[in-house]
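One structure is given here, and the rest of the page talks about it.
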Amino acid sequence: MDTESIGTPGAPAEPGSSGPRRSPTSGAEPGGLPPGTEIDGYTIVSRLGSGAMGTVYRATDGGGQEVALKLLHSHVDADTSALGRERLRREAVALQKLDHPAVAAILDVELEGADAFIVTQIAEGISLEDEIAERGPLDADDLLALAEQLAEALEAVHAAGVVHRDMKPSNVLVTDDGPVLIDFGIAHGLEDARMTSTGLVMGTPGYLDPQLLSGAEPGTATDWWGWAAMLAYAATGRPPFGVRPLDAVLARARSGDADLAGLGARTHGALAAALNPEPRRRLGPAQVVRALRTAATEGDPAVEDGGISRGQVAAAAGAFAAGAAVTQVVASDGGTRPMVVGPPSDGAGDGTYADPAAYSEGGDRAAYGQPEAAAGDPAGEGASQWQGYERPRPARRPWAVLGIGVALVAFAGSAPGVAFALLAVLVILARWVGLMTNSLHARREARGSRRGTEPGSVGCRPSSSCVRCSAPRPGCSSVPARGCCSWSAAGGCSPPGGWSSCPIPRRPRGRSGERTPTGSSRSCSASRWPSRRRSRGSAR
Amino acid sequence: MAVAAAFAWFGPMSWTTRYGARTAISKVTPGWVSRAIVIALTFSVAVAAVTRAVLDAGGAIDWWPFTGPPPF
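So the protein sequences, as listed, match chains F and R. 509 is the number that numbering that gives the first Met the number 0 gives to position 510 of the first sequence; each next residue is one higher, with no gaps. 57 is the number that numbering that gives the first Met the number 0 gives to position 58 of the second sequence; each next residue is one higher, with no gaps.
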C-alpha cells in the first residue's frame, strides 16, 4: 500500500450496531467499500490503501473515533490455502504483544464473522517511500534519527517475540511523533510454525533477507536486513537492489551488491556491511547506528566524486512506488506466484547474528563500521564474500596453441587440402565452444553466483590482496581481508596492492548512473525528520 | 597455411576463436602432462604424415580432396 494512516486511540466498537450492512463479497470491488458502509459497528470513511492480504480503510467506531480497519480481501478469505484468517489472527496476536509508540496499537479484531478484519489506531502520516520519493534522500542527521527510531521500534517488536518480516519503506509511516511500523500482515512469532509452504517465501523483493531465499527460517536477522535496506533507500533515494527484473534484484540481494553509490564513506561502509548476504558477517544494528552517528557528527568523507540528478532519483523512486514494492510470495514485480527457494547456506540458517564481539571494536575498521572476518572464518577467507558471478578466465596456453599450429603447418607441407580442412574444423569448433561458453557465463553474470558453488572464482584471494572496495567493485570483496587495513577516503587499500590483484572486472550493470555525495541533494539544512526528542516545526 | 592459421587466430572477429580454443584446451588438457602428451601426439601425426609423403610418394604433395595445386 502506498500510504497508510494509523493513529489516535479510539473506543472499541460495539458489535451489532444498526446501519446498512455490506455484502461480504463487496470487498472484491476494485474501488473498495463506499463511504458510509458499516461493518460490525465501524463506518467506512475512506480507503487508505491495499496490500496482498487486505484493504485498509479509515473508519469511525461507535464512539465517533477514527480508526484504521484492515479488511481481509474476500478472495483471500475464500482461498483456504491462503490462510487469510490465520494470518490476520497472527497479526492481531503480534500487535497485542506490542506496546510501543512506533507500533500502532490494536483496538479490535473480528475473525469469526462474515467479515474478517482488524482495527488499529490511526494517525496521520506519509509512508517513508513517499517521503523519499517526494523530497529526496535523507541527510546524515535525518538518516541517523530514522535509524535510531526504527531500531528502537524493531527491538521492541523482537522483544515481544515477533518478527515483522516485511520491513520496507512503504511499511513505515512518517508521523509527527516519529516513524510508525505498520502492516504486520506476515509477521511471525519467533516460536510460531511456518505458514508459508515449504519452498516458498513471503516478502518484498529487494527488502527480503537473501537468507530466506536460501531456505532459512525467518528470524530477527530478517528484519534487521530489511531495516538496513530501508536505510539504504532513505539514504540514496534508490531501491538498494533495483526494481526489476526480479531475478536481477534477487541476485543482487544474494550477492550483497547494494546500490550505495554517492554515499559517504562511513554510511556506505556501514550499510554495505549490514547488507552482507551472510548473517554471520553482517554489521549489527548497534554498530550501524554508531557508524551513522559518527558520520553525522564528524562528517562523512565522499567515496567518489560525481552526482546523480534529482530526475534520476525521482525516476527510480517513482518506478519503485509504481508497484515493485508489493509484498508477495517472491515472484515477479507484478503478479504473485510461487518461487522455489534454494537450500540454506551453511551455518546461516538460524537467522541470528554472530556474537557482536566478532566485530572489531578498535582501529580503522571500527571507525568505519567495518566488520572483521567472522569468528571461525578459516584463514581469513572472509575476503571471498563477493557473491556476484566472476567468469573464469581461461589460461592462454601459448605453447599448446603454437604446437598445434606448427603441426598443422608441417602437415600442410605434405597434405595441404586435408590440413586446411582440419584448420577449418578446428576454427569452427573453437568458435562454437567460445560462443557457448561466453553465453553461459553471460547468463551466470546476469543472475549472480549460486552460493558456495564456485569458491575459487569469486572475490580476491586474501593472501594476495587487500580487497576492501570503495564500492561494490567488480571482482572485489566488500569486506577487507584479514590483515588488510580499511580503505581511505581516497579509495583503495592500505597497504597498497588492492586493485591490481583483483580478477578481471565484470561487466558494468549500468545501474548506478551518476553519483552524488551524501546529502548534496538536500536544499535545506534543517532536519526534516521528526523526532520524539525534538519537536517538529509543522506537520506535513 | 601459416598465414591462414595466423589470420584465423589474430584476424577480425577472432576473439571467440581464441576464447573457445583456450577454453577447450583448458578443459581437455587440465594439466601440463596431458597437454604435453597432446602436443607430442599432434607433432607425431604431423611428422608421420610428412615422413610418409617423402618416403612413399617421393616428396609429392597430396592435394586431396583437390585435384591439384591452386591455379595462381
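All C-beta atoms in this analysis are idealised placements derived from N, C-alpha and C, irrespective of residue type, glycine included.
Tell me, to the nearest whole angstrom, how far the beta carbon of residue i is from that of residue j; I am working on the premise that it is less than 8 Å.
i: V66(F); j: L106(F); result: 6 Å
i: T296(F); j: G261(F); result: Rounded, the Cβ-Cβ distance is 20 Å, inconsistent with contact.
i: L71(F); j: L87(F); result: 6 Å
i: L68(F); j: V118(F); result: 5 Å
i: D39(F); j: E154(F); result: The Cβ separation is near 34 Å, so there is no contact.
i: D258(F); j: P239(F); result: 5 Å
i: L143(F); j: L291(F); result: 5 Å
i: H163(F); j: L180(F); result: 7 Å
i: V72(R); j: A399(F); result: Since the first residue shown for chain R is 0 and the last is 71, residue 72(R) is missing from the structure and cannot be characterised.
i: L422(F); j: A4(R); result: 6 Å
i: T59(F); j: Y41(F); result: 7 Å
i: V287(F); j: A146(F); result: 7 Å
Residue i CB to nearest chain F CB: under 8 Å?
i: V32(R); result: no
i: P70(R); result: no
i: I36(R); result: no
i: A52(R); result: yes
i: G67(R); result: no
Does the beta carbon of residue i sit closer than 8 Å to a beta carbon anywhere in chain R?
i: A269(F); result: no
i: W431(F); result: yes
i: F410(F); result: yes
i: R134(F); result: no
Can you pull the chain F neighbours of residue i, defined as C-beta to C-beta under 8 Å?
i: D55(R); result: Those within 8 Å of D55(R) in chain F number zero; the least Cβ separation is about 10 Å.
i: F9(R); result: Ordered by position in chain F, no residue passes the 8 Å Cβ test against F9(R), which lies about 11 Å from the chain.
Under 9 Å Cβ-Cβ, which residues of chain F neighbour residue i?
i: P64(R); result: G416, V417, A420
Interface residues of chain R around residue i at Cβ under 8 Å?
i: L407(F); result: M0, A4, A45
i: L434(F); result: T15, G19
i: N437(F); result: T15, Y18
Run through chain R and tell me which residues come within less than 9 Å of residue i, C-beta to C-beta.
i: V400(F); result: W8, R17, A20, R21, I24
What does residue i touch in chain R if you count any residue whose Cβ is under 7 Å from its own?
i: V424(F); result: Residues of chain R passing the Cβ test: none, with the nearest at roughly 11 Å.
i: R395(F); result: R21
i: S413(F); result: A48, V49, A52, I60, D61
In chain C, what lies closer than 7 Å to residue i by C-beta?
i: G404(F); result: Among the protein chains of the structure shown, namely F and R, there is no chain C.
### Task
Say whether the region 269-284 of chain F touches the region 217-227 of chain F, bearing in mind that this needs 3 or more beta-carbon pairs closer than 8 Å, one atom from each stretch.
yes
### Message
Across the region 207-216 of chain F and the region 265-272 of chain F, are there enough close Cβ pairs to call them in contact, namely three or more that are closer than 8 Å?
### Response
Contact fails: fewer than three Cβ-Cβ distances are below 8 Å.
### Query
Can we say the region 423-436 of chain F touches the region 15-23 of chain R, given the rule of at least three CB pairs closer than 8 Å?
Flag = yes, the region 423-436 of chain F and the region 15-23 of chain R touch.
### Cβ contact check for the region 172-184 of chain F and the region 121-133 of chain F: 3 or more pairs under 8 Å
Yes, they touch.
### Query
In chain order, which continuous runs of the alpha helix (DSSP H) of length 4 or greater are located wholly inside the region 221-262 of chain F?
Runs of the alpha helix (DSSP H) inside the region 221-262 of chain F: 245-254.
### Query
Is the region 233-251 of chain F touching the region 132-146 of chain F in the sense that three or more CB pairs, one from each, lie closer than 8 Å?
The region 132-146 of chain F vs the region 233-251 of chain F: in contact.
#### Entry: Runs of beta strand (DSSP E) lying entirely within the region 124-196 of chain F, each at least 3 residues, in chain order
171-174, 177-180
### Query
Can you give, in chain order, each stretch of the alpha helix (DSSP H) that sits fully within the region 48-119 of chain F and has at least 4 residues?
73-77, 83-95
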